[in-house]
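Notes for the one structure printed next.
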Amino acid sequence: MTSLLAYDFAWGPVLDRWDLFLLGAWLDVWVTGLSFLLACAIGFGVAVLRISGIRWLQGAAFAYVQILRGVPLLVFLYWVYFGIAIVIGVNFSPIQAGIVALTLTGSAYTAEIFRGGLQAIDRGQAEASRSLGLSRVGTYRHVLLPQTFRIVVPPLGNTFIGLLKGATLLSIIAVHDMVRVANDLNINFFTPFEAFTAVALILVALVAVFSAAVSFVERMLRLP
Amino acid sequence: MILAYTFRWELVPESAGVLAHGLKVTLQLSALSFVLSLALGLVVALCRLAPSRPVRAAAYVYTQIFRALSLYVYVLFLYFGIAAVFGIDLGTFAAGVVALTLLNSAYMAEIYRAAIGSVEHGQREAALALGLGHTRTFSSVIGPQAVRVAVPGLVNQLVDIIKDSSIVAVIGVLDLMGTTIQLVNTKRAPFELYTVTALTYIALILLVSAAAALLERRLARHLASGGTGPGPLERMRSFRFRGEAPA
Numbered sequence: 076m077t078s079l080l081a082y083d084f085a086w087g088p089v090l091d092r093w094d095l096f097l098l099g100a101w102l103d104v105w106v107t108g109l110s111f112l113l114a115c116a117i118g119f120g121v122a123v124l125r126i127s128g129i130r131w132l133q134g135a136a137f138a139y140v141q142i143l144r145g146v147p148l149l150v151f152l153y154w155v156y157f158g159i160a161i162v163i164g165v166n167f168s169p170i171q172a173g174i175v176a177l178t179l180t181g182s183a184y185t186a187e188i189f190r191g192g193l194q195a196i197d198r199g200q201a202e203a204s205r206s207l208g209l210s211r212v213g214t215y216r217h218v219l220l221p222q223t224f225r226i227v228v229p230p231l232g233n234t235f236i237g238l239l240k241g242a243t244l245l246s247i248i249a250v251h252d253m254v255r256v257a258n259d260l261n262i263n264f265f266t267p268f269e270a271f272t273a274v275a276l277i278l279v280a281l282v283a284v285f286s287a288a289v290s291f292v293e294r295m296l297r298l299p
Numbered sequence: 747m748i749l750a751y752t753f754r755w756e757l758v759p760e761s762a763g764v765l766a767h768g769l770k771v772t773l774q775l776s777a778l779s780f781v782l783s784l785a786l787g788l789v790v791a792l793c794r795l796a797p798s799r800p801v802r803a804a805a806y807v808y809t810q811i812f813r814a815l816s817l818y819v820y821v822l823f824l825y826f827g828i829a830a831v832f833g834i835d836l837g838t839f840a841a842g843v844v845a846l847t848l849l850n851s852a853y854m855a856e857i858y859r860a861a862i863g864s865v866e867h868g869q870r871e872a873a874l875a876l877g878l879g880h881t882r883t884f885s886s887v888i889g890p891q892a893v894r895v896a897v898p899g900l901v902n903q904l905v906d907i908i909k910d911s912s913i914v915a916v917i918g919v920l921d922l923m924g925t926t927i928q929l930v931n932t933k934r935a936p937f938e939l940y941t942v943t944a945l946t947y948i949a950l951i952l953l954v955s956a957a958a959a960l961l962e963r964r965l966a967r968h969l970a971s972g973g974t975g976p977g978p979l980e981r982m983r984s985f986r987f988r989g990e991a992p993a
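As given, the protein sequences belong to chains A and B, one line each in that order. If you count by my numbering, then the first sequence holds residues 76 to 299, one letter each, in order. If you count by my numbering, then the second sequence holds residues 747 to 993, one letter each, in order.
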């Protein structure tokens, strides 16, 4: 097909390297997954502090959330990778810096989600289980957490997807993810349209798959 | 702990002028994208509620795709990909505005749609029964009520726009982030400069969030009075839309 465009489409370089794109995408996925798990752990801790009833701990947890939610991920990434590294004299690998930035940013969002989930449960539940003789930890483990879990799954799914989108930024500090693969391809073959279309399609597909997975878990957890 | 690093905070005041200029670009970029995506988002939302099936489907695909893309990937696609195919040089600032606008209009569309959905069905029926046309029903009855509900969510979207706007620094826009990267290259003080930039973004975002909270309280004041069942705000909140993105 002769086109009016001055651009010659060449899908060959992209299609020949589909395996590199998939490897890059896999890197994005596992980095996101690991950061997400860490963010959930930290976020849960922060959420418990926020409703702990101890004034200064609550204040600290609140400040943590407000501050970390206000920093753009790119700024945070540079701050960790270039700034913190030079101050404490540690050389983070790009992937480590990426995981730290994604984890801490994500933890501010998960903290708010867990707090909302914990607060949504009727106070009577905690009071009843305490008066039945369950310990504080037991109350959380057997009564509050199972109920919270059902509430937090959909928003946590959104956070995961947000982190996945954030993980594409890691290519800026030379992590070899799928965007980096596309960038290299563009430099070597000058096929910007094909290379970045491929990345966009993979990202849309990944988000669709994870959204579907979240909906599935949501349905499984729904009360009959 | 003894650090081997000597802080050079004195670099910050002497860079303040350059950073302030970058901040101005960030504000322009965000404000322009915010206004444009407010308008485009409304169009997309109306398309999603349109009677014609293909229009609805197209608007649905639009929101799904743009909410799935990260701004970074989209900026690269737009600035390098589309520009090469059509042989147009958008310029970095315009490319940033277009990318921010398109992506955020998809989120805005969902906020508008949820807000319109929160207006009670009877209102529409009553307006139509009173002889108002479809356009008039929307502009005089549904619209004003929906706007009240949508405003806090829309303002909160500005928070995401400001944060996301930092990403256009990678294609060379000299916004707050872009000027900071340049300064770091010459002054070699990454910790001090990125800290100041991070604090500036935090201050900006806390300001916008506070404004959003204030607006929400003001707009909800008349809704707070009694009545049965959830008010429009609660109905809107219970309407789940996928929006939170820690980017």
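The beta-carbon is built from N, C-alpha and C at its ideal position, and this holds for glycine as well.
Separation of B:A958 from B:N902, as counted between CA atoms: 6 Å
Which runs of the alpha helix (DSSP H) spanning at least 4 residues fall entirely within the region 775-841 of chain B, listed in chain order? Within the region 775-841 of chain B, the runs of alpha helix (DSSP H) that reach at least 4 residues and sit entirely inside it are, in chain order, 799-814, 817-822, 829-832.
Please list the segments of the beta strand (DSSP E) lying wholly inside the region 856-917 of chain B, counting only runs of 3 or more residues, in order along the chain. Look at the region 856-917 of chain B and you find no whole run of beta strand (DSSP E) that is 3 residues long or longer.
Between which two residues does the alpha helix (DSSP H) carrying A:T214 extend? Taken as a continuous stretch (DSSP letters only), A:T214 belongs to no alpha helix (DSSP H), as it is neither H nor E.
Leaving aside the five residues before and after B:A892 along the sequence, list all residues of the same chain whose C-beta is less than 6 Å from its C-beta, in chain order. A861, I862, V865
Taking 7 Å as the cut-off, decide whether the C-beta atoms of A:V228 and A:M253 are in contact. no
A:A283 versus A:G87, A:A186, A:S127, A:G237, residue with shortest Cα-Cα distance: Ranking the options by Cα distance to A:A283, first place goes to A:G237.
Could you give the distance in angstroms between the alpha-carbon of A:T214 and the alpha-carbon of A:A203? 9 Å
Taking beta-carbon pairs under 9 Å, can you tell me which members of the region 748-763 of chain B lie near chain A? L749, A750, Y751, F753
Can you check which of these residues, A:P221, A:I247, A:R211, is closest to A:P169 by C-alpha distance? A:I247
Could you name each continuous beta strand (DSSP E) segment of 3 residues or more that falls completely within the region 164-216 of chain A, going from the start of the chain to the end? none
Please return the same chain residues whose Cβ sits closer than 7 Å to the Cβ of B:L786, not counting the five positions on each side in sequence. T847, S851
Using 7 Å as the threshold, is the C-beta distance between B:G899 and B:I857 below it? yes
So for B:W755, helix, strand or coil by DSSP? coil
In whole angstroms, what is the alpha-carbon distance linking B:A845 and B:L822? 9 Å
Quick one, which of B:L765, B:R754, B:L757, B:S955 has its alpha-carbon nearest B:G924's? B:L765
Could you tell me which chain B residues have their CB closer than 8 Å to the CB of A:P169, listed as they occur along the chain? The contacting residues do not exist; A:P169 stays about 15 Å from chain B at best.
Work out the CA separation of B:V843 and B:F780 for me, nearest whole Å. 9 Å
Simplified DSSP assignment, three categories, for A:P147: coil
Meets three-Cβ-pair contact criterion under 8 Å: the region 904-921 of chain B and the region 120-129 of chain A: no
Is the shortest distance between the beta-carbon of A:L278 and the beta-carbons of chain B less than 7 Å? Output row for A:L278: interface = yes.
Close beta carbons around A:V106, own chain, < 8 Å, minus the five adjacent residues each side: I170, G173, I174, L177, A242, L245, V250, D252
So B:I927 and B:S776 are in contact, right, with Cβ under 8 Å, and what is the actual spacing, rounded? Going by Cβ atoms, the distance from B:I927 to B:S776 rounds to 18 Å, so no, they are not a contact pair.
Do we get a CB-CB distance below 7 Å when we pair A:L244 with the residues of chain B? Yes, because at least one Cβ of chain B sits closer than 7 Å to the Cβ of A:L244.
Nearest CA to the CA of B:Y947: which residue from A:V162, A:L143, A:F119? A:L143
Would you kindly check if the distance between the Cβ of A:L231 and the Cβ of A:I196 is under 7 Å? Their beta carbons are not under 7 Å apart, which means A:I196 does not touch A:L231 by this criterion.
What is the residue span of the alpha helix (DSSP H) that A:F271 lies within? According to the DSSP assignment, A:F271 belongs to the alpha helix (DSSP H) that extends over 267-296.
Can you give me the Cβ contacts of A:I159 inside the same chain, cut-off strictly under 7 Å, excluding the 5 residues immediately before and after it? none
How about A:I247: is its C-beta nearer than 7 Å to some C-beta of chain B? yes
Check for me: the alpha helix (DSSP H) holding A:R69 runs from which residue to which? The structure shown has nothing for residue 69 of chain A, since chain A only spans 76 to 299.
If you check the beta carbons only, do A:V89 and A:A270 fall under 7 Å apart? For A:V89 and A:A270, yes; Cβs fall inside 7 Å.
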